[in-house]
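Asker: The sequence shown begins at 1 in full-length UniProt numbering and counts up one residue at a time.
Think of the CB as a built atom: it goes at the ideal place given N, C-alpha and C, for glycine as much as any other residue.
One structure coming up, written as structure tokens, with questions to follow.
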Amino acid sequence: MVHEGTENNSVAVAEADARVMPRAKLLTASNMDAPVEMPLSDRMVAMVSQRSPTKETANEDSAALLPWGDDAAVLVVADGLGGSALGEEASALAVRRIRLAMSQADPEHVMLRSAILNGIEAANRDVLELGRGAATTLAIAEVTNSTIRTYHVGDSGILLFGGRGKLKLETMAHSPVGYGVEAGLLDANDAMHHEERHLVSNVVGDANLRIEIGSETRFAQRDTLVLASDGLFDNLHSKEIISIARKGPVAKACEALRALARERMIEPKEGMPSKADDLTIVVCR
Numbered sequence: 001m002v003h004e005g006t007e008n009n010s011v012a013v014a015e016a017d018a019r020v021m022p023r024a025k026l027l028t029a030s031n032m033d034a035p036v037e038m039p040l041s042d043r044m045v046a047m048v049s050q051r052s053p054t055k056e057t058a059n060e061d062s063a064a065l066l067p068w069g070d071d072a073a074v075l076v077v078a079d080g081l082g083g084s085a086l087g088e089e090a091s092a093l094a095v096r097r098i099r100l101a102m103s104q105a106d107p108e109h110v111m112l113r114s115a116i117l118n119g120i121e122a123a124n125r126d127v128l129e130l131g132r133g134a135a136t137t138l139a140i141a142e143v144t145n146s147t148i149r150t151y152h153v154g155d156s157g158i159l160l161f162g163g164r165g166k167l168k169l170e171t172m173a174h175s176p177v178g179y180g181v182e183a184g185l186l187d188a189n190d191a192m193h194h195e196e197r198h199l200v201s202n203v204v205g206d207a208n209l210r211i212e213i214g215s216e217t218r219f220a221q222r223d224t225l226v227l228a229s230d231g232l233f234d235n236l237h238s239k240e241i242i243s244i245a246r247k248g249p250v251a252k253a254c255e256a257l258r259a260l261a262r263e264r265m266i267e268p269k270e271g272m273p274s275k276a277d278d279l280t281i282v283v284c285r
């Protein structure tokens, strides 16, 4: 069966990339109570991933910190779709495929952008083979000491903002609601509470996959980068995320975001967003 063969392929990918990129950090099917913190050149990265408070099945989100040479890395968040087992496998397969593509590329001769795109395209082929509606979103940031470049598919999002809270970059969700906001048909508050907010128009696991690549953007010393699944963006407004995460240690910021999103999932309040979901957050400064 195709599904059985793909599962074996997933195992092979995991074993191969673990051997060749030992400094990488992957989170798959995690249910963490607190973030982990790691150095990235002269910056710090904090990551946390936690399953929805309303379910007992596995977390379908995955995340990764993938080093590239001495002073660059790729940060990844993936949100699996298609039901618990399929969503979990699709998101894990995506981050592992990107990891493998990077590990097989020589940084002296291959552009990091090419390795990332090769990984996404390989992940798309593999997730398509899973069938039965398996899919995943992707939010990726290529990070150096002074720049970032984003790549995204679906509604997992990326924010970049300065130490005083100035928004410098925000990806657009590939969804009917996201397109409505971009076109000026919906404001941010209407979008947060829209009945079709759960719909996604572009995913890994679709023959018509579209990868949106951002332009190279300056990443200043006091800037903060946040990548997250929609478990964050469906429960906190962008202004709230910026206010919480723009200063202080990244692990503390990551934990504050996790705690508030979780609180809103569990205890809905009138006028505030609330949607129980798996939650994954990566903060870099």
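Using CA atoms only, rank isn't needed, just tell me which of Ile211, Ser114, Met38, Glu129 is closest to Ala139.
Answerer: The sequence position of residue 139 within the sequence shown is 139, counting from 1. Looking at the Cα atoms, Ile211 is the closest of the given residues.
Asker: Starting from Arg149, follow its DSSP beta bridges and name the residues at the other end.
Answerer: One-based indexing of the sequence shown puts residue 149 at position 149. BP columns for Arg149 point to Glu142.
Asker: Is Ala101 closer than 7 angstroms to Ala92 when the C-beta atoms are compared?
Answerer: Your numbering for residue 92 matches position 92 in the sequence shown. Your numbering for residue 101 matches position 101 in the sequence shown. The answer is no: Cβ separation not under 7 angstroms.
Asker: Tell whether a beta-carbon distance below 7 angstroms holds between Asp71 and Ser41.
Answerer: Here residue 71 refers to the residue found at position 71 when the sequence shown is read from its first residue. Here residue 41 refers to the residue found at position 41 when the sequence shown is read from its first residue. Contact flag set, yes.
Asker: Pairs of beta-carbons, one from the segment 219–226 and one from the segment 158–177, closer than 8 angstroms: are there three or more?
Answerer: Touching, per the Cβ criterion.
Asker: For Asn9, which three-state DSSP category applies?
Answerer: Taking the first residue of the sequence shown as 1, we reach residue 9 at position 9. Because the pLDDT of Asn9 is 49, which lies under 50, any placement of that residue in the model is unreliable, and the number read from its coordinates should be weighed accordingly. DSSP places Asn9 in helix when its eight states are reduced to three.
Asker: Please specify which runs of the alpha helix (DSSP H), each continuous and at least 4 residues long, are wholly inside the segment 60–114, giving them in chain order.
Answerer: Counting whole runs of 4 or more residues, the segment 60–114 contains the alpha helix (DSSP H) stretches 84–103.
Asker: Quick one, are the C-beta atoms of Val282 and Ala63 less than 7 angstroms apart?
Answerer: Translated into positions along the sequence shown, residue 282 becomes position 282. Translated into positions along the sequence shown, residue 63 becomes position 63. Cβ distance < 7 angstroms, so Val282 and Ala63 count as in contact.
Asker: Can Ala276 and Ser52 be called in contact, C-beta distance under 7 angstroms?
Answerer: Taking the sequence shown and counting its residues from 1, the one referred to as residue 276 is at position 276. Taking the sequence shown and counting its residues from 1, the one referred to as residue 52 is at position 52. Their beta carbons are under 7 angstroms apart, which means Ala276 touches Ser52 by this criterion.
Asker: Run through the DSSP bridge pairs and tell me what Ser49 is partnered with.
Answerer: Here the question's residue 49 lines up with position 49 in the sequence shown. According to DSSP, Ser49 bridges with Thr280.
Asker: Compute the beta-carbon to beta-carbon distance between Gly82 and Ala46, rounded to the nearest angstrom, for a pair I have assumed lies under 8 angstroms.
Answerer: What you label residue 82 is simply residue 82 of the sequence shown in a count that begins at 1. What you label residue 46 is simply residue 46 of the sequence shown in a count that begins at 1. The Cβ separation is near 29 angstroms, so there is no contact.
Asker: Is DSSP giving Pro176 helix, strand or coil here?
Answerer: Position 176 of the sequence shown holds residue 176. In the structure shown, Pro176 sits in a helix (DSSP, three-state: H, G or I).
Asker: Near Val127, which residues of its chain fall below 8 angstroms by C-beta distance, leaving aside the five closest residues on each side in sequence?
Answerer: Within the sequence shown, numbered from 1, the residue matching residue 127 stands at position 127. These residues qualify, in order along the chain: Ala90, Leu93, Ala94, Ala134, Ala135, Thr136, Val204, Gly205.
Asker: Between the C-alpha atoms of Asp61 and Ile98, what's the straight-line distance to the nearest angstrom?
Answerer: The residue given as residue 61 occupies position 61 in the sequence shown. The residue given as residue 98 occupies position 98 in the sequence shown. Taking the straight line from one Cα to the other gives about 15 angstroms.
Asker: Count the other CB atoms, across all protein chains shown, that sit within 10 Å of the CB of Asn145; report buried if there are 16 or more and exposed otherwise.
Answerer: In the sequence shown, residue 145 corresponds to position 145, counting from 1. Flag for Asn145 reads exposed.
Asker: Spatial neighbours of Cys254 within its chain, please: CB distance less than 6 angstroms, with the 5 preceding and 5 following residues excluded, ordered by chain position.
Answerer: Here the question's residue 254 lines up with position 254 in the sequence shown. The residues are Pro35, Ala46, Val48, Ile281, Val283.
Asker: Going by DSSP, what residue range makes up the beta strand (DSSP E) through Met32?
Answerer: Within the sequence shown, numbered from 1, the residue matching residue 32 stands at position 32. Element bounds for Met32: n/a, residue is neither H nor E.
Asker: How would you label Pro39, buried or exposed, when you count the other beta carbons within 10 angstroms and need 16 or more for buried?
Answerer: What you label residue 39 is simply residue 39 of the sequence shown in a count that begins at 1. Exposed, because fewer than 16 other Cβ atoms sit within 10 Å of the Cβ of Pro39.
Asker: Just to check my reading of the structure: Leu279 and Arg262 have Cβ atoms closer than 8 angstroms, yes? What is that Cβ distance to the nearest angstrom?
Answerer: Along the sequence shown, one-based indexing puts residue 279 at 279. Along the sequence shown, one-based indexing puts residue 262 at 262. Confirmed, Cβ separation roughly 7 angstroms.
Asker: Less than 8 angstroms between the CB atoms is what I'm expecting for Val226 and Ile241, so what's the real figure, rounded?
Answerer: On the sequence shown, residue 226 is found 226 positions in, with the first residue counted as 1. On the sequence shown, residue 241 is found 241 positions in, with the first residue counted as 1. Sure, about 6 angstroms apart at Cβ, within 8 angstroms.
Asker: Please return the same chain residues whose Cβ sits closer than 6 angstroms to the Cβ of residue 324, not counting the five positions on each side in sequence.
Answerer: Outside the shown range of the chain, which is 1 to 285, sits residue 324, and nothing can be said about it.
Asker: At what residue ranges does the segment 221–272 contain a whole run of the beta strand (DSSP E), taking only runs of 3 or more?
Answerer: Counting whole runs of 3 or more residues, the segment 221–272 contains the beta strand (DSSP E) stretches 224–228.
Asker: So is Arg164 buried or exposed if we call it buried at 16+ other beta carbons inside 10 Å?
Answerer: Position 164 of the sequence shown, counted from the start, is the residue given in the question as residue 164. Its Cβ having fewer than 16 others within 10 Å, Arg164 is exposed.
Asker: Straight-line CA distance for Met111 to Val143?
Answerer: Walking along the sequence shown from the start, residue 111 turns up at place 111. Walking along the sequence shown from the start, residue 143 turns up at place 143. Distance between the alpha carbons of Met111 and Val143 is about 13 angstroms.
Asker: Between which two residues does the beta strand (DSSP E) carrying residue 298 extend?
Answerer: Because the chain in this structure spans residues 1 to 285, residue 298 falls outside the shown range and cannot be described.
Asker: Could you check whether Gly154 and residue 286 sit closer than 7 angstroms to each other, using their CB atoms as the reference points?
Answerer: Residue 286 falls outside the range modelled here, since the chain spans only 1 to 285, and no answer is possible.
Asker: Take the Cβ of Met192 as the centre, count every other Cβ of all protein chains shown within 10 Å, and call the residue buried at 16 or more, exposed below.
Answerer: To locate residue 192, count along the sequence shown from 1; it is residue 192. Buried is the call here.
Asker: Would Leu257 pass as a contact of Ile266 if the rule is Cβ separation under 7 angstroms?
Answerer: Residue 257 sits at position 257 when you count from the first residue of the sequence shown. Residue 266 sits at position 266 when you count from the first residue of the sequence shown. Cβ atoms of Leu257 and Ile266: not closer than 7 angstroms.
Asker: Mapping the DSSP letters down to three states, classify Ala183 as helix, strand or coil.
Answerer: As a first step, residue 183 must be located in the sequence shown, where it is residue number 183. In this structure, Ala183 counts as coil in the three-state DSSP scheme.
Asker: Out of Arg43, Gly80, Leu65, which has the shortest C-alpha to C-alpha gap to Ala58?
Answerer: Position 58 of the sequence shown, counted from the start, is the residue given in the question as residue 58. Minimum Cα distance to Ala58 is reached at Gly80.
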